[in-house]
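Encoded as structure tokens, the structure appears first; notes follow it.
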Amino acid sequence: MRILYLDIDSLRPDHLGCYGYHRNTSPIIDALAARGVRFTNFHVTDAPCLPSRSALFSGRCGFHTGVINHGGVASQPFIEGPNRAFRDLFGTTGWMAALRRAGLRTATVSPFGERHSAWHWYAGFNEIYNTGKGGMESAEEVAPVAIDWIGRNAQSDNWFLHVNLWDPHTPYRVPEIFGNPYKNEPLPDWLNEEVRKQHWNGCGPHSAQEIGGYEGKDCWNGKYPRQPAQADSMDGVRAMFDGYDCGVRYADEHVGKILDALEAAGVLQETVIIVSSDHGENLGEFNIYGDHQTADLITTRVPLIVVWPGVTDSQGGRVDEALHYHYDFAATLIELCGGSVPSNWDGAPFTDSFQNGADAGRDYLVVSQGAWSCQHGVRWDDFIFIRSYHDGHHAFPDVMLFNAQDDPHEQYDLAPERPDLVNQAMKMLNEWHGNMKRTATHVDHDPMEIVIAEGGPLHTRGALPNYLVRLRETGREKWADNLAEKHPREC
1116 MRILYLDIDS LRPDHLGCYG YHRNTSPIID ALAARGVRFT NFHVTDAPCL PSRSALFSGR
1176 CGFHTGVINH GGVASQPFIE GPNRAFRDLF GTTGWMAALR RAGLRTATVS PFGERHSAWH
1236 WYAGFNEIYN TGKGGMESAE EVAPVAIDWI GRNAQSDNWF LHVNLWDPHT PYRVPEIFGN
1296 PYKNEPLPDW LNEEVRKQHW NGCGPHSAQE IGGYEGKDCW NGKYPRQPAQ ADSMDGVRAM
1356 FDGYDCGVRY ADEHVGKILD ALEAAGVLQE TVIIVSSDHG ENLGEFNIYG DHQTADLITT
1416 RVPLIVVWPG VTDSQGGRVD EALHYHYDFA ATLIELCGGS VPSNWDGAPF TDSFQNGADA
1476 GRDYLVVSQG AWSCQHGVRW DDFIFIRSYH DGHHAFPDVM LFNAQDDPHE QYDLAPERPD
1536 LVNQAMKMLN EWHGNMKRTA THVDHDPMEI VIAEGGPLHT RGALPNYLVR LRETGREKWA
1596 DNLAEKHPRE C
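The sequence shown stops at residue 1606 when you use this note's numbering, and every number in between is there.
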């Protein structure tokens, strides 16, 4: 059993050709999708980066690990206390620990643990290759390390290699020599000039006037020419889309180089290939330009493409439309490797349906965000419902509702006209909270309460006073007044 897990940071599925994107961003990944199974409703439980990978690699959601923020108490796993054994839960019941018990040698090529001081995330890996730039690497710095590992180990059996590419993540860093294959190609048609003007008059970090954060300037000091600072015209919008899409295409090309290394070693056709991500990326949705700040359809939905020799051979091109959490597939992978899913996992395997080519998922999903805003989202049927406890300084309503099929860019809030669906979603959210509390092993309350008590999500803390000044100086007094009223303790 040989398994290659390609983890492409900030990769949203609808910017891949195999998911219907109109630009040619992903020919290598598209070819994999044609050979394997593609999942269309695959969501991370907790966004963004640190909470997502903590959940996936532990098999437990942020409510149970305690990791839902990028700083503060809720950026670290719950202290296990007197019942902690010689090794903690990440080391004994995590994904890599389960795979090692199933007989696999595990390795990662990623700077992720150092980027977030997520030392718990390394638990269970036999080998760790930190590429050393804290997630600011380009693919040409990561792929050679993976290719070297493959050259030395491909002939061995029973290994799991995790490779982490970063190029679609802001700031857009694809080398200039790559050029821009999209400079003459049309933009996604939903973000037009009318929408851009609405965004320009809106508010929030990484919004049209403040793509770099809370200020309308290039916070990277010209180091990343593909990264726009503002969307003051459609040229800025194009710079965002082209910068992101070039990142996707560049990562795709290096996926091809890694696959070529497997081919050269004579094991490509025998290797399980998995492509996924830690979260999606809002590219204008909710007036968020190139970031991942919400518990919405765009930030929490990620691609999953699986080519599994002996399992997907007769399923080439199949699309699984069922609702799944990211760690549901991790649990499935454990079983397909002959292992047992640890009893404390929230992830639930769907091994039989995956092998049989059937769609069988969950009735609904609850997804969470705690680093840029404090939100829970409920995804079911055709809908995504979002409950905001802290709006991340975007002036979101407390509840929002969108039709994920008819309105994939979340432009038309249905909450005011569909209180029946809002009530249905709230019932599911309350049910989820009850289940989480009953199965909690450390505390019986939502860690989001900790984040709010500490002053809100890490990336918003201390930013509001100066931002209110900027909003008023740029003619956006109504948003300054709105945020001051909503967040009196932060002013």
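A virtual CB, placed ideally from N, CA and C, is assigned to each residue, including glycine.
Beta-carbon spacing of residue i, residue j below 7 Å
i: Thr-1414; j: Gly-1395; result: yes
i: Pro-1283; j: Gln-1342; result: no
i: Val-1390; j: Ile-1420; result: yes
i: Tyr-1440; j: Thr-1180; result: no
i: Pro-1259; j: Ala-1486; result: no
i: Val-1365; j: Phe-1293; result: A small correction: the amino acid at residue 1365 is Tyr; Val does not occupy that position in the sequence shown. Contact: yes.
i: Ser-1488; j: Thr-1409; result: yes
i: Pro-1197; j: His-1235; result: no
i: Trp-1495; j: Tyr-1479; result: yes
i: Ile-1565; j: Val-1257; result: no
i: His-1314; j: Glu-1400; result: no
i: Asp-1411; j: Glu-1436; result: no
i: Ala-1376; j: Ile-1262; result: yes
i: His-1369; j: Ala-1254; result: yes
i: Trp-1210; j: Gly-1174; result: yes
i: Leu-1579; j: His-1602; result: yes
i: Asn-1156; j: Leu-1438; result: yes
i: Asp-1124; j: Asp-1393; result: yes
i: Val-1224; j: Val-1289; result: no
i: Arg-1150; j: Val-1434; result: no
i: Val-1514; j: Val-1493; result: no
i: Leu-1119; j: Leu-1306; result: no
i: Trp-1547; j: Val-1482; result: no
Residues that residue i bridges to, as DSSP identifies them
i: His-1491; result: Ser-1483 and Arg-1502
i: Thr-1085; result: An answer regarding residue 1085 cannot be provided, because it is not within the stretch 1116 to 1606 covered by the chain.
i: His-1439; result: Phe-1157
i: Leu-1419; result: Phe-1154
i: Ser-1391; result: Asp-1122
i: Leu-1398; result: Tyr-1404
i: Val-1434; result: Arg-1153
Outcome for residue i when other beta-carbon atoms lying within 10 angstroms are tallied against a minimum of 16
i: His-1321; result: buried
i: Ala-1379; result: exposed
i: Trp-1281; result: buried
i: Ser-1348; result: exposed
i: Ser-1429; result: exposed
i: Ser-1232; result: exposed
i: Tyr-1442; result: buried
i: Asp-1406; result: buried
i: Phe-1201; result: exposed
i: Gln-1520; result: exposed
i: Gln-1490; result: buried
i: Gln-1484; result: buried
i: Gly-1177; result: buried
i: Glu-1195; result: exposed
i: Asn-1336; result: exposed
Minimum Cβ-Cβ distance from residue i to chain C less than 7 Å
i: Ile-1501; result: The structure shown contains no chain C, having only a single protein chain.
Continuous beta strand (DSSP E) stretch holding residue i: start and end
i: Tyr-1582; result: Run containing Tyr-1582: none in the beta strand (DSSP E); it sits in the alpha helix (DSSP H), 1579-1588.
i: Asn-1279; result: 1274-1280
i: Ala-1080; result: The question about residue 1080 has no answer, for the chain in this structure spans 1116 to 1606.
i: His-1122; result: According to the sequence as given, residue 1122 is Asp; it is not His. Looking at the DSSP string, the run of the beta strand (DSSP E) that includes Asp-1122 is 1117-1123.
i: Glu-1564; result: No beta strand (DSSP E) contains Glu-1564, which is instead part of the alpha helix (DSSP H) from 1562-1568.
i: Glu-1242; result: 1242-1244
i: Asn-1518; result: 1514-1518
i: Leu-1131; result: Run containing Leu-1131: none; DSSP gives neither H nor E here.
Boundaries of the alpha helix (DSSP H) in which residue i is found, first to last residue
i: Arg-1576; result: Neither: Arg-1576 is in no alpha helix (DSSP H) and is coded neither H nor E.
i: Asn-1550; result: 1534-1554
i: Asn-1597; result: 1592-1601
i: Gly-1405; result: Premise fails: Gly-1405 lies in the beta strand (DSSP E), 1404-1406, not in any alpha helix (DSSP H).
i: Phe-1172; result: 1164-1173
i: Gln-1470; result: 1466-1471
i: Lys-1312; result: 1308-1315
i: Glu-1256; result: 1254-1268
i: Asp-1497; result: Neither: Asp-1497 is in no alpha helix (DSSP H) and is coded neither H nor E.
i: Asp-1360; result: 1349-1379
i: Ala-1213; result: 1210-1216
i: His-1321; result: From DSSP, His-1321 is part of no alpha helix (DSSP H); its letter is neither H nor E.
i: Phe-1178; result: 1177-1180
i: Ile-1227; result: According to the sequence provided, residue 1227 is Phe. The question's Ile does not apply to it. Run containing Phe-1227: 1227-1230, per the alpha helix (DSSP H) assignment.
**Asked** Pairing CB atoms from the segment 1286-1298 with CB atoms from the segment 1556-1575, are three or more of them under 8 Å?
**Response** no
**Prompt:** Taking one C-beta from the segment 1199-1215 and one from the segment 1139-1146 each time, how about it: are there three or more such pairs within less than 8 Å?
**Reply:** no
**Asked** Can you find at least 3 beta carbon pairs, one from the segment 1449-1457 and one from the segment 1216-1225, that sit closer than 8 Å?
**Response** yes
**Message:** Is it the case that the segment 1311-1327 contacts the segment 1342-1359, given that we only count it when at least three CB pairs across the two stretches are under 8 Å?
**Reply:** Enough Cβ pairs lie closer than 8 Å, so yes.
**Item:** Three or more C-beta pairs below 8 Å linking the segment 1566-1575 and the segment 1504-1523
**Value:** yes
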